Amino acid sequence: MVYVSSPSKSVESLGIVLIAVGVVLLALLTLYLVGFDQGAISRSGMYLHELMHDGRHLLGVPCH
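Start counting the sequence shown at 91; every next residue gets the next number (our numbering).
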């Protein structure tokens, strides 16, 4: 019995892996901005700072 590998399946698997890695990186960036940033990046105004502050409360991250 001979096993023949289809290149389209490996390309499809690679695409799924790349999408998964992108989603994880985006989730980690969001977690950093909401949970640990404390205004270091979000200095563009009080609106963004307050949005992140409310996000910390929503996630249960201690912020003050």
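Ideal Cβ positions, reconstructed from N, Cα and C, are used throughout, including at glycine. Nothing here was measured: the structure is a model prediction, and the numbers come from that model.
Closest option to threonine 120, judged by alpha-carbon separation, among Arg146, His154, Gly105, Cys153: Arg146. In this structure, the CA atom of leucine 116 is about 14 Å from the CA atom of valine 107. The Cβ-Cβ distance between valine 151 and glycine 112 does not fall below 8 Å. Look at valine 151 here: in three-state DSSP terms it is coil, with no helix or strand label.
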